[in-house]
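Numbering (our numbering), first residue to last: 34 to 282.
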């Protein structure tokens, strides 16, 4: 009997607080990421924050793939800018962990899928910069942070995104254009030299990046993990990512 191979996919945890009367610090992650990875044939595991570097490295070296998820804003100090007045919440512990993991993944050619905050982390890790607040810094932009209104579910389709032909992202999605959800107030401003743009919206914002020569390093600004139950391109993206990770098992 041939045993099924489930590549180990690391997903960074986020800090939070649990409890009403007795509050305790916790680390957690949205189940949508875990289900999307498992549904594509991967074995998702959470990567804790605040680990000593040698232990974080030991965890990293056991992974077959890395997923950088959505989350809070990336500190502008990480890309040499002052804080904008509409900058959101920051988690320095999360920044330190994810920036380090992103650089390690690129250096080791480990399959990497970067989602929402994740694409921003990847860009900053490799020398790029961000719009700290799209609405004020790019006033001609369409609405990108629809989740500010709780009337919109996570799978709400906000706008089309055009995909670059011949890109790895295009091959993974199997589409030249996708209708995506959108809940981000930051975005890539200056693209890191190692990355190429693979997707953008009609207002000019970058929504997809990759490293073409890598085994698979792809970033998207939207949230495909919320769309996998109803959207073939989203499922294909996770299957492509997990498939690349499986080759290292």
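Where is the CB? At the ideal position from N, CA and C, for every residue including glycine.
- Counting only the same chain and skipping the five closest in sequence on each side, list residues whose C-beta sits under 7 Å from that of residue 225. 156, 159, 160 and 161
- Task: Pull up the distance between the alpha-carbon of residue 58 and that of residue 278, whole angstroms please.
- Result: 32 Å
- How many Å lie between residue 129 and residue 209 at the Cα? 35 Å
- Query: Per DSSP, which one or two residues make a beta bridge with residue 57?
  - Reply: 51
- Message: Using 8 Å as the threshold, is the C-beta distance between residue 44 and residue 97 below it?
- Response: no
- Mapping DSSP to helix, strand and coil, what is residue 220? strand
- Can you tell me the Cα-Cα spacing of residue 200 and residue 231, whole angstroms? 6 Å
- Identify, in the order they occur along the chain, each residue of the same chain with its Cβ nearer than 7 Å to the Cβ of residue 47, setting aside the five sequence neighbours on each side. 60, 61, 62, 104 and 127
- Message: Within 10 Å of its beta-carbon, does residue 107 have 16 or more other beta-carbons around it, so buried, or fewer, so exposed?
- Response: buried
- Taking all protein chains shown into account, decide if residue 253 is buried (16 or more other Cβ within 10 angstroms of its Cβ) or exposed. buried
- Task: Look up residue 164 in the DSSP assignment and give the residues it is bridged to.
- Result: 220
- Query: Buried or exposed: where does residue 236 fall if 16 or more other Cβ atoms within 10 Å of its Cβ makes it buried?
  - Reply: exposed
- Is it buried or exposed for residue 216, if we count other Cβ within 10 angstroms and need 16 for buried? buried
- Query: When we look at the beta-carbon of residue 116 and count the other beta-carbons within 10 Å, is it buried (16 or more) or exposed?
  - Reply: exposed
- Message: For a quick check, are the C-beta atoms of residue 271 and residue 135 less than 8 Å apart?
- Response: no
- Alpha carbon to alpha carbon, how far is residue 133 from residue 194? 29 Å
- Task: Would you grab the beta carbon distance between residue 81 and residue 66 for me? Rounded to a whole angstrom, and I think it's under 8 Å.
- Result: Contact doesn't hold; Cβ gap of about 15 Å is too wide.
- Query: Is it right to say residue 88 is buried, meaning 16 or more other beta carbons lie within 10 angstroms of its own, or is it exposed?
  - Reply: exposed
- Determine the closest residue to residue 93 out of 69, 141 and 49, with distance taken between C-alpha atoms. 141
- Message: I'd like to know whether the C-beta atoms of residue 143 and residue 99 end up nearer to each other than 8 Å.
- Response: yes
- Are residue 69 and residue 258 closer than 8 Å when you measure CB to CB? yes
- Message: Looking at the strands, I want to know which residues DSSP matches up with residue 252.
- Response: 147 and 242
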